[in-house]
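**Student:** Residue numbers (my numbering), protein chains in the order written: chain A, 510 to 949; chain B, 9 to 179.
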C-alpha cells in the first residue's frame, strides 16, 4: 500500500512539474466529446549533412502523419512558419509559434554516426507555457529503420500530450487480396501500422485466412488451405518458416488465437459438421476440448489476464457472444441487442470487447463492456467485420468489404469513440488485420 | 415462424430447380465446368453416364440451403439420391464435398456453417449406402462464391454443398 502511494505521488509530481507556469500542462483529454484537434508544428529535423537532412525531412513528415492520423492533432503547414529552426540547440522563439497558434512544437536533429547509424534527437515544447514538455530524447537506429525511429518519436509526443500509452511503433499482419471475388487470391502480408514497409509472408498458392499475432509479435497463427482443408499454421515472422499446428485427419481447424502466455492456442475444430472450441498446448501439441455442444462455437479470444475466453456461439438459435472460464465450463451470454454478433475481441486494457454485429442487412463494428452493457456501434456499412485492437486499446482496425460483383475488401481504422474513420493504405485489397503489440 | 420456414424452404427449392438445370453450367466455354468446384479439369464426356462430367451436369453436383440452415430439402434429397446411385455404380471414384456460405456472415461463422452443410450431404450419402471413406468434407465458408452479386438471387446459389468427384479412390 505504501509503495502504491509513493509511486502515485511520483507520477503526480512528474505531471505537475510543467504545470507551474500555467493553469495546466499541454494536454488532450481523450473523452467521448468532440475534440478540437490540437495544432502543432513539426519543422524538418535539422542536420549537418545532406543525407541527414533528407532523413530529417522524412522523419518530421512521418511524425506529423502519425499525429494527425489520430484525429487529435492538426498540423500547421510550414508555409505559415515565422521562425525557421536552423539549430537544435538554439532557444525556441515561442512568440513566433504562438503567433501561428502552434500549441505544440516538435524540433529535432539527425546525424549519421561513424558506423552509419542514424542518431535522432528531439524535443517537445509546450508553446503557450513557454517551456519544454518532458525531456529531450535521443534515439539510435539503422538508416533502414528510419520510419521506426519516427514512430517512436511520435509515440513519445502522443503519450506526453494525451497521457495514453502509445501505438505508432507497431505492425499489422493481414490478408492481401487480389483478383475477382470468385477467384480471390489471398496472401499473408505484414506492414507497419500505417501501411508502410509491406512484405509478403506466403505465396498465392492457397487461401489463407485470419492471421493472429503472438503476444511477443514474433509469431503469427493463421488458417491455410495448403493441405486442401483448412488447418492452423504457425509462422515465424522473422524467417517466414511455418509449420502446421493441428492436422487431425477428417477435421478442419480455424479461428486460432494465442493465450496471453504465448504458449497455448485456443481455436475452432470442425468434426462431423460440428464446430467446438479447443485449447492446444503448443509445446506438447496436446489439445483439450473446451466446449461440447451441437451448436457452432467459434471466434474465441482471451481476456488479457488469461482467465476467461469470449467467443461466438449460435446455441441460442442465432450467433451471440458468450464468456466462459479459459479452462472451459459454464458460459454466460453477454450480447442481447437486436441482431447477430460475431468475432468478439477482448481489448488489451481488459475493459471492452470489440465485435462484429449484423443487423437489418448492415454490418457494424462495435464495443461493449465485458458484461455486455454500454454497447456502442462505431461503424456501419454493407460489410464490416473482424476487429483488432491497437496496442493501447484506443483504435480498432477492421475489414470493410464493398458490395456487388466488383466488391473488394480494404482495411479501415476507427477510434473507439467512433470518430476518425480512416482507410488504411494497402497495395491491393486487404482483410483480417491483426495488430501487433508495441515493438521493443 | 411456420410461415417463415415454409418460405425459406420454398426459396431453397426454387433456387435448386434453377441450379439443377444441366444447361446452367454448360456455357460452352469450359470455364463453367469448374463453377463452384475447386478441382480444375473434369474428365470424360457429358454423354458418358460413367463420367464425372455426367455426374456434374446431368445428375447435379450440388444442393442449396436456406439462410443459416444445413437441413436438406426434398429437392436436395432427390439430387443426393441421384449422386448416391452414381457413386454406387462408379465405385472407383471418391468425392470431396465442399460446403459454402453466402457473404452475409462473419468469416469464422461461415466456415463452421459450410462444415455443417458439407457434413449434412456426407451423412445423407452414407445413409444411402456410400462408404464414408470415399467421402471427404471441406468448408470454404464465404471464400468461394460462384455468383457475385450482393443480393438474395446470388446468395441463394452460393449457399451450397458441391460434390466434387475425384478419380483417385481414397485408400
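Note that CB positions come from ideal geometry on N, CA and C, so glycine has one too.
DSSP has residue 654 (chain A) in a bridge; who is on the other side?
**Tutor:** Counted from its first residue, the first chain places residue 654 (chain A) at position 145. BP columns for residue 654 (chain A) are empty, so no partner.
**Student:** Residues of the region 685-708 of chain A with a CB closer than 9 Å to any CB of chain B: list them in chain order, please.
**Tutor:** Cβ contacts with chain B come from 689, 690, 691, 692, 693, 695.
**Student:** Return the first residue and the last residue of the beta strand (DSSP E) that residue 107 (chain B) is part of.
**Tutor:** Position 99 of the second chain, counting from 1, holds the residue named residue 107 (chain B). It spans 102-108 - the beta strand (DSSP E) in which residue 107 (chain B) sits, taken as one unbroken run.
**Student:** Along the beta strand (DSSP E) that carries residue 783 (chain A), what are the first and last residues, could you check?
**Tutor:** If you number the first chain from 1, residue 783 (chain A) lands on position 274. Unbroken beta strand (DSSP E) run through residue 783 (chain A): 783-790.
**Student:** According to the neighbour-count rule (16 or more other Cβ atoms, all chains shown, within 10 Å of its Cβ), is residue 653 (chain A) buried or exposed?
**Tutor:** Looking up residue 653 (chain A) in the first chain gives position 144. When all chains shown are included, residue 653 (chain A) counts as exposed.
**Student:** Skipping 5 residues on each side, what residues in its chain have a beta carbon closer than 8 Å to that of residue 125 (chain B)?
**Tutor:** Against the second chain, residue 125 (chain B) aligns to sequence position 117. Only 73, 78, 107, 108, 109, 147, 167, 168, 169 meet the Cβ criterion.
**Student:** Using only the alpha-carbon positions, how far apart do residue 580 (chain A) and residue 642 (chain A) sit?
**Tutor:** Against the first chain, residue 580 (chain A) aligns to sequence position 71. Against the first chain, residue 642 (chain A) aligns to sequence position 133. Approximately 21 Å between the Cα atoms of the pair.
**Student:** Tell me which residues of the region 915-944 of chain A have at least one Cβ-Cβ distance to chain B shorter than 9 Å, keeping chain order.
**Tutor:** The residues in question are 915, 916, 940, 941.
**Student:** Quick check: the Cα distance between residue 777 (chain A) and residue 847 (chain A), rounded to an integer number of angstroms?
**Tutor:** For this step, residue 777 (chain A) is matched to residue 268 along the first chain. For this step, residue 847 (chain A) is matched to residue 338 along the first chain. Roughly 26 Å between the two C-alpha positions.
**Student:** Between the region 136-164 of chain B and chain A, which residues of the former have CB atoms less than 7 Å from a CB of the latter, in chain order?
**Tutor:** Here the close residues are 146, 147, 151, 152, 153, 154, 156, 157, 158.
**Student:** So, is residue 810 (chain A) buried or exposed, given that buried needs 16 or more other C-beta atoms within 10 angstroms?
**Tutor:** The sequence position of residue 810 (chain A) within the first chain is 301, counting from 1. So residue 810 (chain A) counts as buried.
**Student:** Got a sec: is the Cβ-Cβ distance from residue 716 (chain A) to anything in chain B below 9 Å?
**Tutor:** The residue given as residue 716 (chain A) occupies position 207 in the first chain. Yes, residue 716 (chain A) counts as interfacial toward chain B.
**Student:** Here's the rule: buried if 16 or more other CB atoms are within 10 angstroms of the residue's CB, otherwise exposed. What is residue 171 (chain B)?
**Tutor:** On the second chain, residue 171 (chain B) is found 163 positions in, with the first residue counted as 1. Buried.
**Student:** Starting from residue 111 (chain B), follow the alpha helix (DSSP H) in both directions and report where the run begins and ends.
**Tutor:** The sequence position of residue 111 (chain B) within the second chain is 103, counting from 1. Element bounds for residue 111 (chain B): n/a, residue is neither H nor E.
**Student:** For residue 571 (chain A) and residue 659 (chain A), what's the separation of their Cα atoms in angstroms?
**Tutor:** Within the first chain, the letter at position 62 stands for residue 571 (chain A). Within the first chain, the letter at position 150 stands for residue 659 (chain A). Their backbone Cα atoms lie some 6 Å apart in a straight line.
**Student:** Quick check on residue 772 (chain A): does DSSP put it in helix, strand or coil?
**Tutor:** Along the first chain, read from residue 1 onward, the residue named residue 772 (chain A) stands at position 263. Residue 772 (chain A): coil per DSSP, three-state reduction.
**Student:** Secondary structure at residue 670 (chain A), three-state DSSP: helix, strand or coil?
**Tutor:** Here residue 670 (chain A) refers to the residue found at position 161 when the first chain is read from its first residue. If DSSP states are grouped into helix, strand and coil, residue 670 (chain A) belongs with the helices.
**Student:** From which residue to which residue does the beta strand (DSSP E) around residue 818 (chain A) run?
**Tutor:** Along the first chain, one-based indexing puts residue 818 (chain A) at 309. Where residue 818 (chain A) is concerned, the enclosing beta strand (DSSP E) stretches over 817-822.
**Student:** Buried or exposed for residue 37 (chain B), going by 16 or more other Cβ atoms inside 10 Å?
**Tutor:** Here the question's residue 37 (chain B) lines up with position 29 in the second chain. Low confidence applies to residue 37 (chain B): its pLDDT is 32, below 50, so where it sits in the model is not reliable, and the reading given next is rough at best. It is exposed - the Cβ of residue 37 (chain B) has fewer than 16 other Cβ atoms within 10 Å.
**Student:** Consider the Cβ of residue 799 (chain A): report whether some Cβ of chain B lies at a distance smaller than 9 Å.
**Tutor:** For the purposes of this step, residue 799 (chain A) is identified with residue 290 of the first chain, where counting begins at 1. So no, residue 799 (chain A) is outside the interface.
**Student:** Is residue 637 (chain A) helix, strand or coil when you go by DSSP?
**Tutor:** For the purposes of this step, residue 637 (chain A) is taken as residue 128 along the first chain, with counting starting at 1. Residue state, collapsed to three classes: coil.
**Student:** Under a CB-based cut-off of 9 Å, is residue 763 (chain A) close to chain B?
**Tutor:** Numbered from its first residue, the first chain carries residue 763 (chain A) at position 254. Judged by the 9 Å Cβ criterion, residue 763 (chain A) is in contact with chain B.
**Student:** Can residue 554 (chain A) and residue 569 (chain A) be called in contact, C-beta distance under 9 Å?
**Tutor:** Counting from 1 along the first chain, the entry for residue 554 (chain A) is found at position 45. Counting from 1 along the first chain, the entry for residue 569 (chain A) is found at position 60. Cβ atoms of residue 554 (chain A) and residue 569 (chain A): closer than 9 Å.
**Student:** Residue 941 (chain A) and residue 718 (chain A) look like a contact to me (Cβ under 8 Å); what is the Cβ gap, rounded to whole Å?
**Tutor:** Position 432 of the first chain, counting from 1, holds the residue named residue 941 (chain A). Position 209 of the first chain, counting from 1, holds the residue named residue 718 (chain A). Confirmed, about 6 Å.
**Student:** Taking the continuous beta strand (DSSP E) assigned at residue 564 (chain A), which residues delimit it?
**Tutor:** Reading the first chain from its first residue, position 55 is the one you call residue 564 (chain A). Residue 564 (chain A) -> not in any beta strand (DSSP E); alpha helix (DSSP H) instead, spanning 559-578.
**Student:** Would residue 535 (chain A) and residue 664 (chain A) be called neighbours here (beta carbons separated by less than 9 Å)?
**Tutor:** As a first step, residue 535 (chain A) must be located in the first chain, where it is residue number 26. As a first step, residue 664 (chain A) must be located in the first chain, where it is residue number 155. Against a cut-off of 9 Å, the Cβ pair of residue 664 (chain A) and residue 535 (chain A) comes out as no contact.
**Student:** Between A:678, A:857, A:870, A:881, which has its C-alpha nearest residue 896 (chain A)'s C-alpha?
**Tutor:** Working through the first chain from its first residue, we reach residue 896 (chain A) at position 387. Checking every option, the nearest Cα to that of residue 896 (chain A) belongs to A:857.
**Student:** Measuring CA to CA, which of A:852, A:734, A:880 is closest to residue 860 (chain A)?
**Tutor:** Residue 860 (chain A) sits at position 351 when you count from the first residue of the first chain. Residue A:880 is the option with its Cα nearest to residue 860 (chain A).
**Student:** Please list, in chain order, the chain B residues whose beta carbon lies closer than 9 Å to that of residue 786 (chain A).
**Tutor:** Position 277 of the first chain, counted from the first residue, corresponds to residue 786 (chain A). Within chain B, no residue comes near residue 786 (chain A); the closest Cβ sits about 11 Å away, beyond 9 Å.
**Student:** Indicate whether residue 736 (chain A) and residue 756 (chain A) have their beta-carbon atoms separated by less than 9 Å.
**Tutor:** Within the first chain, numbered from 1, the residue matching residue 736 (chain A) stands at position 227. Within the first chain, numbered from 1, the residue matching residue 756 (chain A) stands at position 247. Yes, the Cβ-Cβ distance between residue 736 (chain A) and residue 756 (chain A) is below 9 Å.
**Student:** Going straight from the alpha carbon of residue 115 (chain B) to that of residue 149 (chain B), what length do you get?
**Tutor:** Here residue 115 (chain B) is taken as the residue at index 107 of the second chain, counted from 1. Here residue 149 (chain B) is taken as the residue at index 141 of the second chain, counted from 1. Rounded to whole angstroms, residue 115 (chain B) to residue 149 (chain B) spans 7 Å at the Cα level.
**Student:** Quick check on the DSSP output: the alpha helix (DSSP H) that includes residue 839 (chain A) runs from which residue to which?
**Tutor:** Reading the first chain from its first residue, position 330 is the one you call residue 839 (chain A). Run containing residue 839 (chain A): none; DSSP gives neither H nor E here.
**Student:** May I have the straight-line CA-CA distance separating residue 640 (chain A) from residue 600 (chain A), to the nearest angstrom?
**Tutor:** As a working note, residue 640 (chain A) is residue 131 in the first chain. As a working note, residue 600 (chain A) is residue 91 in the first chain. Taking the straight line from one Cα to the other gives about 10 Å.
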